[in-house]
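J.: Just dropping this structure here.
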Amino acid sequence: MSLIHLSTSENIATVVLSRPKVNAINESLVEELGECFQKLAIDPDVKAVILTGGGSFFSFGLDIPELLNYSKDSFTKFLIKFTDLLKYIFLFPKPVVGSLNGHAVAGGCMLALSCDYRLMVSEKAKISLNELTFGSTVFVSGVEMLKMSVGARKAELMLYDGAMYSGEEAKQLGIVDELVFREDLHDASQKIAQGFAKKEGRAFESIKMLLRKHVVEEINKKDKDSILEFVDIWYSESTWRNLEKIKIRD
Amino acid sequence: MSLIHLSTSENIATVVLSRPKVNAINESLVEELGECFQKLAIDPDVKAVILTGGGSFFSFGLDIPELLNYSKDSFTKFLIKFTDLLKYIFLFPKPVVGSLNGHAVAGGCMLALSCDYRLMVSEKAKISLNELTFGSTVFVSGVEMLKMSVGARKAELMLYDGAMYSGEEAKQLGIVDELVFREDLHDASQKIAQGFAKKEGRAFESIKMLLRKHVVEEINKKDKDSILEFVDIWYSESTWRNLEKIKIRD
Amino acid sequence: MSLIHLSTSENIATVVLSRPKVNAINESLVEELGECFQKLAIDPDVKAVILTGGGSFFSFGLDIPELLNYSKDSFTKFLIKFTDLLKYIFLFPKPVVGSLNGHAVAGGCMLALSCDYRLMVSEKAKISLNELTFGSTVFVSGVEMLKMSVGARKAELMLYDGAMYSGEEAKQLGIVDELVFREDLHDASQKIAQGFAKKEGRAFESIKMLLRKHVVEEINKKDKDSILEFVDIWYSESTWRNLEKIKIRD
């Protein structure tokens, strides 16, 4: 694997997004993450997973400049893979701790929302579902995961506003659970993961499914239509013009 | 139209309830509002709507003294029209800003809840779903819209208590989003509406439907039974006696 | 009845769990509570119910030492009876006020969650859904009632953490509605119950069903599977070892 880095110690697997500089999400990253989590699911030595980013970003979201080169059909298939990954992590049978080392934006925020717990550095990092600000809609999977964290009304406000929230604001909204200084993020994430790892795995999984399975059942009713509408809006003239302006710093 | 006043400027339509003195809701007002919103939906110059009240009330709710003169059948038809209007505004394809210039009570509160954002004057105005205090039940549409704003538990507490909440309390509960001084209400409402109007309309509508369509789908499963039960309780002896005591100041 | 104590005055029935010292829940207690509530449902003199505990515990939850002697089949039947009781109180046609005089843990917390309003003594009492800490899962009924009170995200955090929350924390989380000093609990509970009792009973019941019936409909879709999984985990080797260590002080 070349776009993620995996290490395991004391029953905790740490998955680091490693696609400099902003961990932008493309098809290869989605595939590598999917394969990695599938292995972790059946690895008896792994009791909990930490998902974090290398560098100063957790993930800036979809790699829009690259995705604009995909055909409409390839783009649609990419979105299905990406949302399947979100749902897979959301229902992952072991605890997943999101360790937000930096900005988590749009698709990067959705990846964070699929975890069971979120820590975020208290400094400059921002978290945002800013799709509407560049004329894009979102997927039903992201919406339902957001609603689970912050409730329906705050989900509306966040999606309509599209603001870049500071750690303090994110904690207040309930989209992250814990704020820590950058230098404490590793230890604090390990501590949370160790706490999860000590629980009986089967009871944990059972409770997680009681809480989350019906969310994915609801998502699945609308998932395909939602992705098709997403693609349709993405390729509309006015939205496309906005997308073409987006640059990713390397 | 005689019971509402409509004006449009800079892509913002302002709909003013104009049925002095308390903007009590009767069949004519519901019909005029429905026709007005249907026109606004297809008017390409309108990018957002502000819904407010003339005078010192947003709306005191259903015009109970008038409705007591309806036959049971006419009253039932009126309720279907009113709840259809609530659902229509709740799913209106463009942003709707509720600009609460004064009391928003019972049916008037439900009208406010159908909007995408609520500003409220910080002075004497109260907001309340006080149906239970006079022995009436509510409709499933109002319940579901309330739950979307404040969550299930606060919805219970508000409906059981039936209290008249001040702006501060309403903000705390999450039933309104922003408190402003009376003299600032117009400008603050315009500012929010302009913010919404700048978004790509299609992406906005798509996100709104992802957030709200399933709510109306749930409402529709129970809507008719809920209205029939409402009517049944409305015409029960003890509730009717309470209703007959209600006066509306003119 | 020997495990509960019932008294009625001024249209308020008070049901006191009376199984010293911790009001641990066994089959007899569940049956007596069920019979008692069924009588109260049809007693025209009863307008509201207070559910409280004798001694210094509300209820410490299931009587695990006793239940470990049940056969797997008897234990499963007991769980069905217990969750049926939770659902019955949750949809009880009259208001039920939970008056938490002391610890409300696991099954005892679920019993509290089935009420319409919860007061809790502000002193040493703790409230907790601590099942995961001893390797047990929970039932879908408890999960859905918890979600109704605190929302999906806080429900996750509480169930994963399994912490013993103080009154202050419980109030903050929204799992209890009001904190009172021990010496004020009786009067404060009476006051809340009297407030409920004054409402029109039919309108109250109608609103309660609008808010809660769909929750039980959702529970019923998964109830049986959830109980079977609960039993399966309960009898797993590692969980059973934890259960055998649990003592109940007499």
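Residue numbers (our numbering), protein chains in the order written: chain A, 1 to 250; chain B, 251 to 500; chain C, 501 to 750.
For each residue, glycine too, the CB sits at the ideal point set by N, CA and C.
Kindly say whether VAL16 (chain A), judged by its beta-carbon, lies nearer than 8 Å to any beta-carbon of chain B.
T.: The residue labelled residue 16 (chain A) in the question sits at position 16 within the first sequence. For VAL16 (chain A), the answer is no, since every Cβ of chain B falls outside 8 Å of its Cβ.
J.: I'd like the list of long-range same chain contacts for GLY598 (chain C), defined as Cβ closer than 6 Å, with 5 residues on each side in sequence excluded.
T.: For the purposes of this step, residue 598 (chain C) is identified with residue 98 of the third sequence, where counting begins at 1. So the qualifying residues of the chain are LEU551, ALA612, CYS615 and ARG618.
J.: Roughly how many angstroms lie between the CA atoms of LEU317 (chain B) and ASP323 (chain B), to the nearest whole one?
T.: As a position in the second sequence, residue 317 (chain B) is number 67, starting the count at 1. As a position in the second sequence, residue 323 (chain B) is number 73, starting the count at 1. Looking at the two C-alpha atoms, the distance is approximately 11 Å.
J.: When the distance is taken between beta carbons, is LYS624 (chain C) closer than 8 Å to MET756 (chain C)?
T.: There is simply no residue 756 (chain C) to check, as chain C begins at 501 and stops at 750 in what is shown.
J.: In chain C, which residues lie less than 9 Å from LYS199 (chain A) when you measure between Cβ atoms?
T.: Against the first sequence, residue 199 (chain A) aligns to sequence position 199. What LYS199 (chain A) touches in chain C: LEU632, THR633, GLY635, TYR660 and GLY662.
J.: What span of residues does the alpha helix (DSSP H) with GLU535 (chain C) cover, start to end?
T.: Along the third sequence, one-based indexing puts residue 535 (chain C) at 35. Taken as a continuous stretch (DSSP letters only), the alpha helix (DSSP H) holding GLU535 (chain C) covers 527-542.
J.: What is the C-beta distance between VAL180 (chain A) and SER122 (chain A), in whole angstroms, given that I count them as a contact (C-beta under 8 Å)?
T.: Within the first sequence, numbered from 1, the residue matching residue 180 (chain A) stands at position 180. Within the first sequence, numbered from 1, the residue matching residue 122 (chain A) stands at position 122. Indeed, because the Cβ distance is near 6 Å, the residues count as touching under 8 Å.
J.: Could you check if PRO345 (chain B) is buried or exposed, using at least 16 other CB atoms within 10 Å of its CB as the buried criterion?
T.: Stepping through the second sequence from its first residue, residue 345 (chain B) is reached at position 95. With 16 or more Cβ atoms within 10 Å of its Cβ, PRO345 (chain B) is classed as buried.
J.: Given the structure, does GLY174 (chain A) come close to the ligand ADP, in the sense that its CB is under 7 Å from one of the ligand's heavy atoms?
T.: With respect to small molecules bound, the structure shown includes none, and the ligand ADP cannot be examined in it.
J.: Could you give the DSSP three-state label for GLY311 (chain B): helix, strand or coil?
T.: For the purposes of this step, residue 311 (chain B) is taken as the residue at position 61 of the second sequence. Note: GLY311 (chain B) maps to coil in three-state DSSP.
J.: Between ARG452 (chain B) and chain A, is there a C-beta pair that is closer than 8 Å?
T.: The residue given as residue 452 (chain B) occupies position 202 in the second sequence. Cβ-Cβ to chain A under 8 Å: yes for ARG452 (chain B).
J.: List the residues of chain A whose Cβ lies closer than 9 Å to the Cβ of ILE457 (chain B), in chain order.
T.: Locating residue 457 (chain B) in the second sequence gives position 207, counting from the first residue. Within 9 Å Cβ-Cβ: GLU131, LEU132, THR137, VAL138, VAL143, GLU156, LEU159 and TYR160.
J.: Helix, strand or coil for THR302 (chain B), going by three-state DSSP, please let me know.
T.: Counted from its first residue, the second sequence places residue 302 (chain B) at position 52. Note: THR302 (chain B) maps to strand in three-state DSSP.
J.: From the DSSP output, which residues share a beta bridge with HIS505 (chain C)?
T.: Position 5 of the third sequence, counted from the first residue, corresponds to residue 505 (chain C). The partner list for HIS505 (chain C) (beta bridge, DSSP) reads C:VAL516.
J.: Kindly list, in the order they appear in chain C, the residues whose Cβ is closer than 7 Å to that of GLY401 (chain B).
T.: Indexing the second sequence from 1 puts residue 401 (chain B) at position 151. Neighbours of GLY401 (chain B) on chain C, chain order: GLY651.
J.: Which residue from C:PRO544, C:LEU562, C:LEU711 and C:LYS713 puts its Cα closest to that of GLU527 (chain C)?
T.: Here residue 527 (chain C) refers to the residue found at position 27 when the third sequence is read from its first residue. The residue with the shortest Cα to Cα distance from GLU527 (chain C) is C:LEU562.
J.: Could you please give the first and the last residue of the uninterrupted beta strand (DSSP E) stretch that includes LYS21 (chain A)?
T.: Numbered from 1 along the first sequence, position 21 holds the residue referred to as residue 21 (chain A). No beta strand (DSSP E) contains LYS21 (chain A), which DSSP labels as neither H nor E.
J.: So, for ALA41 (chain A): in the same chain, excluding its five sequence neighbours on each side, which residues have a beta-carbon less than 8 Å away from its beta-carbon?
T.: Mapped onto the first sequence, residue 41 (chain A) falls at position 41. So the list reads PHE92, PRO93 and LYS94, once near-sequence residues are dropped.
J.: Bridge partners of HIS686 (chain C), per DSSP?
T.: For the purposes of this step, residue 686 (chain C) is identified with residue 186 of the third sequence, where counting begins at 1. Beta-bridge pairing links HIS686 (chain C) to no other residue.
J.: Can you tell me where the alpha helix (DSSP H) with ILE483 (chain B) in it begins and where it stops?
T.: Stepping through the second sequence from its first residue, residue 483 (chain B) is reached at position 233. That run of the alpha helix (DSSP H) goes 451-484.
J.: When the cut-off is 8 Å and only beta carbons count, does ILE477 (chain B) lie next to chain C?
T.: Stepping through the second sequence from its first residue, residue 477 (chain B) is reached at position 227. For ILE477 (chain B), the answer is no, since every Cβ of chain C falls outside 8 Å of its Cβ.
J.: Measure the Cβ-Cβ separation of THR333 (chain B) and ASP473 (chain B) and say whether it is below 8 Å.
T.: Taking the first residue of the second sequence as position 1, residue 333 (chain B) is located at position 83. Taking the first residue of the second sequence as position 1, residue 473 (chain B) is located at position 223. Yes, the Cβ-Cβ distance between THR333 (chain B) and ASP473 (chain B) is below 8 Å.
J.: Who are the Cβ neighbours of VAL546 (chain C) in its own chain at under 7 Å, not counting the five residues just before and after it?
T.: Within the third sequence, numbered from 1, the residue matching residue 546 (chain C) stands at position 46. Counting only Cβ-Cβ distances below 7 Å, and skipping sequence neighbours, we find THR508, ASN511, ALA513, LEU540 and LYS594.
J.: Quick one: residues in its chain with C-beta nearer than 7 Å to the C-beta of TYR410 (chain B), no 5 flanking neighbours on either side, listed in chain order?
T.: To locate residue 410 (chain B), count along the second sequence from 1; it is residue 160. Closer than 7 Å at the Cβ level, and outside the excluded window around TYR410 (chain B), lie LEU382.
J.: By Cβ distance below 7 Å, which residues in the same chain neighbour PHE480 (chain B) in space, the five residues on each side in sequence not counted?
T.: Position 230 of the second sequence, counted from the start, is the residue given in the question as residue 480 (chain B). So the list reads LEU329, THR387 and PHE389, once near-sequence residues are dropped.
J.: Quick check on LYS747 (chain C): does DSSP put it in helix, strand or coil?
T.: Counting from 1 along the third sequence, the entry for residue 747 (chain C) is found at position 247. LYS747 (chain C): coil per DSSP, three-state reduction.
J.: Could you compute how far the alpha carbon of LYS171 (chain A) sits from the alpha carbon of LEU100 (chain A)?
T.: For the purposes of this step, residue 171 (chain A) is identified with residue 171 of the first sequence, where counting begins at 1. For the purposes of this step, residue 100 (chain A) is identified with residue 100 of the first sequence, where counting begins at 1. So the alpha carbons of these two residues sit roughly 12 Å apart.
J.: Could you check whether the Cβ of THR239 (chain A) sits closer than 8 Å to any Cβ belonging to chain B?
T.: The sequence position of residue 239 (chain A) within the first sequence is 239, counting from 1. Yes, its Cβ sits closer than 8 Å to a Cβ of chain B.
J.: So for VAL371 (chain B), helix, strand or coil by DSSP?
T.: In the second sequence, the residue the question calls residue 371 (chain B) occupies position 121. Strand at VAL371 (chain B).
J.: Using 8 Å as the cut-off, can you tell me whether the stretch 182-191 of chain A makes contact with the stretch 146-159 of chain A, which would need three or more C-beta pairs spanning the two stretches below that distance?
T.: The stretch 182-191 of chain A, when compared against the stretch 146-159 of chain A, does not touch it at the 8 Å Cβ threshold.
J.: Could you list which residues in chain B have their beta carbon closer than 9 Å to that of SER236 (chain A), in chain order?
T.: Within the first sequence, numbered from 1, the residue matching residue 236 (chain A) stands at position 236. Within 9 Å Cβ-Cβ: GLU450, ARG452 and ALA453.
J.: Establish whether the CB of GLY98 (chain A) and some CB of chain C are separated by less than 8 Å.
T.: If you number the first sequence from 1, residue 98 (chain A) lands on position 98. No, no contact with chain C.
J.: At the level of alpha carbons, what is the spacing between LEU6 (chain A) and GLY642 (chain C)?
T.: What you label residue 6 (chain A) is simply residue 6 of the first sequence in a count that begins at 1. What you label residue 642 (chain C) is simply residue 142 of the third sequence in a count that begins at 1. Rounded to whole angstroms, LEU6 (chain A) to GLY642 (chain C) spans 37 Å at the Cα level.
J.: Taking the alpha-carbon of ILE192 (chain A) as reference, which of A:SER18, A:ILE227, A:SER206 and A:ASP177 has the nearest alpha-carbon?
T.: Start at 1 with the first residue of the first sequence, and residue 192 (chain A) comes out as number 192. Selected option, being the one with the closest Cα: A:ASP177.
J.: Tell me whether the beta-carbon of ILE483 (chain B) lies closer than 8 Å to the beta-carbon of ARG702 (chain C).
T.: Counting from one through the second sequence, the residue named residue 483 (chain B) turns up at place 233. Counting from one through the third sequence, the residue named residue 702 (chain C) turns up at place 202. Taking 8 Å as the Cβ cut-off, ILE483 (chain B) and ARG702 (chain C) qualify as a contacting pair.
J.: Starting from the C-beta of ILE64 (chain A), find all residues in its chain whose C-beta is less than 6 Å away, skip the five residues before and the five after it, and write them out in chain order.
T.: Reading the first sequence from its first residue, position 64 is the one you call residue 64 (chain A). Within the same chain, ILE64 (chain A) has close Cβ partners LEU243 and ILE246.
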